[in-house]
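Down below is the structure, laid out as structure tokens.
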Amino acid sequence: MNWREQLRKLCNTSCTDIGICTPEHEVRCQVRYLESKLNMVTDGYNLLKRMLKKFTTKRSKE
8 MNWREQLRKL CNTSCTDIGI CTPEHEVRCQ VRYLESKLNM VTDGYNLLKR MLKKFTTKRS
68 KE
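Reminder that position 10 of the sequence shown reads as 17 in the working numbering, one-by-one numbering, no gaps.
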């Protein structure tokens, strides 16, 4: 099962739980899910950037 199928299954399950299952609802669910994943990746990237900056600053002072 690829990531698109997993996402569709996840959103179909959540929409059946609340009883509303329209294509718009499924798309909104997918967008929210992908935005949360993107935010996690962005946060991780920014954290790595800060850590690298601190590390290189320390190294240049030595």
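For each residue, glycine too, the CB sits at the ideal point set by N, CA and C.
query, result
"So residue 17 packs on residue 52, CB below 8 Å; how close in whole Å?", "Between residue 52 and residue 17 the Cβ distance is about 24 Å, and since that is not below 8 Å, they are no contact."
"On the three-state DSSP scale, how would you describe residue 9?", "coil"
"Less than 8 Å between the C-beta atoms of residue 33 and residue 19, yes or no?", "yes"
"Under the three-state reduction of DSSP, which class applies to residue 28: helix, strand or coil?", "coil"
"What separation, rounded to the nearest whole angstrom, lies between the Cα atoms of residue 50 and residue 56?", "10 Å"
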